[in-house]
Amino acid sequence: GKVRDKVTELLFKISTLLLVYGRDNGIAHFNDALILNVAGSNMSVATACSALLDAFSDDDDDTSSRAPSDPDDRSFYFDFQLPTVKSYLMEGLTKSLKQAISSLDSKPAAERLIERLKLPRTCLVLCRSEKLAEPAFRLFEDVVLSLPIEFVGDLILCDRIALVSLFDLVTGNANKIPDLEYSKQTFAKLLGNLAKAGLLPKAVSNFGVRSHAIAALSTAMLLNGGEENIDDNDDSIQRICLESLAIVLCGKDNDVTLTPVESRALASAIGKVLSSTVLNRFFTQASLEATINDVTVDFRLNREAICHSAEARLLCAMAHSPESLEILSKIGGLEAIGLIAHEGEIKAVEAVQ
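According to this note's numbering, the stretch in the sequence shown is residues 205 to 557, in order.
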């Protein structure tokens, strides 16, 4: 009500005086008064910071009545004053929650606050804000990612906006975090962990974002600096996105299932890099076998691993569409599928018949 608005306005003015105009001494006083000495506990600090952030969230709307009416003052308010105050509050929230979740006594309360604030979603959305991306990412990395994957998954995958934001951040689309490559790697690892935990496919299906997932993950696979192959490094963005894409597209019996439209789109987008990756793995394996040249060594498991890889399964699924097969035939796809078929993989054999 009116009392809340007046208190919020007063607190914002005090914060602005300390942080915007007070320089180093002002920042120190802000930390002492509003963060470090709030009731003396990490959870009290976290609760206070979250309450203030919530109170100031009304001002995100450019129609806010609390914003100055003068155009120049209003611009300064939205471009500098408000982001500055919010950044310091987010820093206080990061420090207090990080300490709270490291203690067995306060961790349950911290997790309840994180859940109530819908913190993962808030951070993911703010990572697309030029003014708040850096503190939002720091809060996400230091607090959210330190929690169990099941807990994080429940909060992200129950929200369509959070899930779509995560896909976009992996590709760099609207990602405003200063260290862009590092942030994309971080988000890709989270996506991969959600996929490996079996949490991602259901959410993609429930929210009807399969096409968005395909577009985002296939785009991220091509962000490899011009490399033609996707290596076996489990920590690379390309490998994580490739494995995640295969998991998302799995149907019954763990087979990759694609519609004709999806097949054609993927063949055009990533068919070449998948074909090249499969061919390179087979050539590397052939070189290994020629080097060792020992008939007593059984290399079948190595070749089976290639045939069961995400890239091989995706290629075989694409090849079942006549239109996609025509695209693949021009970019080395048939050669790759032929080598898979030679190992007796039914899907590949069906595709080349």
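For glycine and all other residues, C-beta sits at the position ideal for the given N, C-alpha and C.
All values reported here derive from a predicted model rather than from experimental measurement.
Rounded to whole angstroms, what is the Cα-Cα separation between V224 and K290? 12 Å
Could you work out which residue in I510, S306, A399, T220 is closest to E354 when comparing CA atoms only? A399
So who's on the other strand from C454, going by DSSP bridges? V460
Proximity to I365 [Cα-Cα], best of S350, A417, A392: A417
DSSP on F216, reduced to helix/strand/coil? helix
How long is the line joining the alpha carbons of D283 and K335, rounded to whole angstroms? 8 Å
Rounded to whole angstroms, what's the CA-CA distance from C362 to L256? Just pull it up for me. 26 Å
Please indicate yes or no: does the CB of A521 lie closer than 7 Å to some heavy atom of the ligand ZN? Because no ligand of any kind appears in the structure shown, any question about the ligand ZN cannot be addressed here.
Identify which residue in A250, A304, R325 has its Cα closest to the Cα of Y292. A250
So which of V356, F487, A419, D274 has the shortest CA-CA distance to A450? A419
Across the stretch 467-477 and the stretch 517-531, are there enough close Cβ pairs to call them in contact, namely three or more that are closer than 8 Å? yes
What does the alpha-carbon distance come out to for the pair L222 and V460? 57 Å
CB E345 to CB T390, shorter than 8 Å? yes
With the cut-off set at 8 Å, would you say A471 and I531 are in Cβ contact? yes
Consult DSSP for D276 and reduce its assignment to one of helix, strand or coil. helix
So, using beta-carbon positions, are E539 and L505 closer together than 8 Å? no
Pick out the complete alpha helix (DSSP H) segments inside the stretch 326-414, 4 residues or longer, and give them in chain order. 337-346, 353-360, 364-375, 384-400, 404-410
Would you call the CB atoms of L370 and L426 closer than 8 Å? no
Under the three-state reduction of DSSP, which class applies to E527: helix, strand or coil? helix
Put A473 into one of helix, strand or coil per three-state DSSP. helix
Within 8 Å, strictly: CB atoms of K380 and A337: yes
Does the beta-carbon of A232 have 16 or more other beta-carbons within 10 angstroms, so that it is buried, or is it exposed? exposed
Mapping the DSSP letters down to three states, classify D283 as helix, strand or coil. helix
Beta-carbon spacing of L343, L297 below 8 Å: yes
Report the rounded CA-to-CA distance for Q442 versus P405, giving the unit in angstroms. 19 Å
Please classify R517 as buried or exposed, where buried requires at least 16 other C-beta atoms within 10 Å of its C-beta. buried
Indicate the three-state DSSP secondary structure (helix, strand or coil) for A271 in the structure shown. coil
Nearest by alpha-carbon distance to L215: which of S307, L330, Q285 is it? Q285
Which one of V499, E213, G455 has the shortest CA to CA distance from A271? E213
For Y281, count neighbouring Cβ atoms within 10 angstroms of its own Cβ and tell me buried if that reaches 16, exposed if not. buried
Of the residues V347, D274, E547, which one's Cα is nearest the Cα of M294? V347
Residue closest to N397, alpha-carbon to alpha-carbon, out of L317, T220, P382, D439: D439
Exposure label - L373; buried when at least 16 CB within 10 Å: buried
Assign G548 to one of three DSSP states: helix, strand, or coil. coil
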